[in-house]
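Read through the structure below, which is laid out as structure tokens, and then see the notes.
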Amino acid sequence: MIKRLGRHPWVLSGVGTLLAAYLKLVNRTNRFVLDPEGIYDETEPHLPVIVAMWHGQHFMVPFAKPAHWPAKVMISRSADGEVNAIAARKLGLGLIRASGGRNARQIRKRGGMRGFIEALRALKDGYTIAMTADIPKGPARKSGVGIVQLAKHSGRPILPVAVATSRSIELNSWDKASVNLPFGRGGIAVGELIRVPVEAGDDELEIFRQQVEDSLNTVTTRAYELVGRAEKSVT
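Sequential numbering of the sequence shown, starting at 10, is according to the numbering used here.
So this is what it looks like as structure tokens:
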């Protein structure tokens, strides 16, 4: 009964609304710095882009983008995803309800192909797409190939982004999620654009997948450095 209650639309809506309000509080009460400075001005001519982030480090990313960038975020269709989707909508983001998987069956079950097509259309229409690079319930901090495939078929570059705050609670979840706390300092670290050629084969896609993974790890480490702390190990 508790599980059913927890999945009730009213409960999910209430939790999502509270989450959005809490994240706004965290954003207002932390002093954020951007590294490198001026990176968004340099990125403007290359819009729209595919913003890459890690699971568990995604809560504050909606505040990292410039307000004038129209954006949609890819969120799973799970109950947890529903809460995140409600919060994202409250924060002014468009939604694509899908996620990847480790095999074809998981991809079909999670709406991965439909989400991929919807993301292609959104990029064509000028929306920046934000998505986690790692696969839900998969190895933490290991990029999947889906984000690289999206870059290849859309012709849009990948922009690695990480956000950290000086105060946070680290959860014992599969992705070692970091719950950011108010009244501190924040760091936003942005990596260089990663472009995937449309003619890239499987071997090249693996190289770009590794590049996304390495870049996300680098910007995540940098985001924590900006707030004067070391990132807790996820291994």
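Every residue, glycine too, gets a C-beta built ideally from N, C-alpha and C.
Three-state secondary structure (DSSP) at Ile59?
Here Ile59 carries a strand assignment [DSSP, helix/strand/coil].
Hey, how far is the Cα of Val20 from the Cα of Arg150?
Each residue's Cα considered, the two are about 30 Å apart.
Output the residue ranges of the alpha helix (DSSP H) runs that lie fully inside the segment 63 to 127 and measure 4 residues or longer, sorted by chain position.
88 to 99 and 113 to 118
Spatial neighbours of Val207 within its chain, please: CB distance less than 8 Å, with the 5 preceding and 5 following residues excluded, ordered by chain position.
Lys161, His162 and Gly164
Could you please give the first and the last residue of the uninterrupted alpha helix (DSSP H) stretch that includes Phe217?
Asp211 to Leu235
Can you find the residues in the same chain that come closer than 8 Å, C-beta to C-beta, to Val228, ignoring five residues on each side of it along the sequence?
Pro169, Val170, Ala171, Ala198, Val199 and Gly200
My understanding is that Gly25 touches Val70, with C-beta atoms under 8 Å, so please give their C-beta distance in whole angstroms.
Contact flag wrong, Cβ pair sits at about 16 Å.
Residue range of the beta strand (DSSP E) that includes Phe195
Per the sequence presented here, residue 195 reads as Gly, with Phe not at that position. Gly193 to Val199 is the span of the beta strand (DSSP E), which, as asked, contains Gly195.
Do you know how far the Cα of Val35 is from the Cα of Glu179?
16 Å
Could you name the residues that DSSP lists as bridge partners for Arg40?
Arg194
Going by the CB atoms, is the gap between Gly193 and Thr38 shorter than 9 Å?
yes
Can you tell me which of Glu215, Ser187, Pro191 and Leu202 puts its alpha carbon nearest to the alpha carbon of Trp63?
Ser187
Please tell me whether Ala107 and Gly124 are closer than 9 Å, where the distance is taken between their beta carbons.
yes
Considering Cα atoms alone, identify which of Ile95, His67 and Phe41 is closest to Leu28.
Ile95
Can you tell me which of the three DSSP states Leu32 falls into?
helix
So, with DSSP's three-state summary, where would you put Asp143?
strand
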